[in-house]
Amino acid sequence: MKSIPLTGNILTKMDGDSRGGAALSICSITGFPIKFIGTSEKIDGLEVFDSKRMADRILGFGDIVSLVEKAKNAIDEKKAIELNKKMQSNRFDLDDFKIQIQQIKKIGPMSSILDMMPGKNSKVLKNIKMDDRQIIWTEAIINSMNKIERKTPNIIDGSRRLRIAKGSGRPVSGGKCPFKTIYSNEKDDEENE
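Quick note, the sequence shown lines up with residues -4 to 188 if you use our numbering.
Here it is, written out as structure tokens:
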């Protein structure tokens, strides 16, 4: 049996609190540097290790450079400009919102995005619990709507809400469409002009 010599380490499970100690231990024991870190269970969660950026994350300073790099790779600039124009002209609908959700999902899990934010250890951000399933559920609800409902969610009544709930496998809670807020804010903006 042949073996390949060790040249570096991959440090995984970077969402825990013991990452600094683990990084020091693995380098000390193996005598080799950390080459990559894993921030999720997917292959796109593998990042090149940068000691300065890692120190900043551990100390709670965030890693804006990595966040910007991930966003730049994940977000389609043309679509982003188009969505921005739609929002400014109050033509933003749930199809557009779904596009934004899909782009956010490409950046990575919300926990890893929060890890890159400065002040992650502050009282405000420390208590934020982001559940990536919520994004998936929201997308499932949108996918269960027909084209007209995605364009004008204020038409969603009891029977439509029931159909959407069955189709998405999620309760559409509180007897209200969860997306009406977007449209009520748009109307408020129009009235204030």
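All residues carry an ideal CB built from backbone N, CA and C; glycine is no exception.
One or two residues paired with residue i in a DSSP bridge
i      : result
GLU223 : Only positions -4 to 188 of the chain appear in this structure, which leaves residue 223 out of reach.
ILE102 : Bridge partners of ILE102: none, in fact.
ASN4   : ILE29
Straight-line Cα distance separating residue j from residue i
i       : j       : result
VAL60   : SER139  : 37 Å
ASP126  : MET105  : 7 Å
GLY107  : THR34   : Before going on, a small fix: residue 107 reads as Ser here, not Gly. Their backbone Cα atoms lie some 7 Å apart in a straight line.
ILE(-1) : GLU36   : 24 Å
ILE96   : GLU134  : 7 Å
ILE76   : LEU19   : 43 Å
ILE24   : MET49   : 19 Å
GLU144  : VAL63   : 34 Å
ILE99   : LYS(-3) : 43 Å
PHE44   : ASP51   : 13 Å
SER163  : GLY16   : 43 Å
LEU78   : LEU1    : 47 Å
PHE92   : LYS142  : 13 Å
ASP88   : ILE32   : 38 Å
ILE150  : LYS8    : 45 Å
GLU72   : GLY26   : 42 Å
GLN222  : ASP39   : A question about residue 222 goes unanswered here, because the residues of the chain that appear run from -4 up to 188.
ASP90   : LYS124  : 26 Å
ARG156  : LEU109  : 33 Å
GLN129  : ARG158  : 19 Å
LYS67   : SER154  : 41 Å
Closest by C-alpha distance to residue i, when choosing among the options
i      : options                        : result
LYS30  : ASP90, ILE21, ILE(-1)          : ILE21
LYS81  : LYS146, GLY103, ILE136, ALA135 : LYS146
LYS161 : LYS100, ILE137, PRO148         : ILE137
ARG165 : GLU72, ILE131, ASP45, ASN141   : ILE131
LEU6   : ARG52, MET(-4), ILE53, LEU41   : LEU41
PRO113 : ASN4, ILE53, PHE44, LYS67      : ILE53
LYS47  : LYS8, LEU78, GLY57             : GLY57
MET111 : ILE38, ALA17, LYS65            : LYS65
ARG200 : PRO148, ARG158, LEU157         : Nothing can be reported for residue 200: it is not among the residues displayed for the chain, which extend from -4 to 188.
Cβ separation of residue i and residue j, assumed to be a contact under 8 Å, to the nearest whole Å
i      : j     : result
ILE102 : ALA69 : 5 Å
GLY55  : PRO28 : Actually they do not touch by this definition, with Cβ atoms about 24 Å apart.
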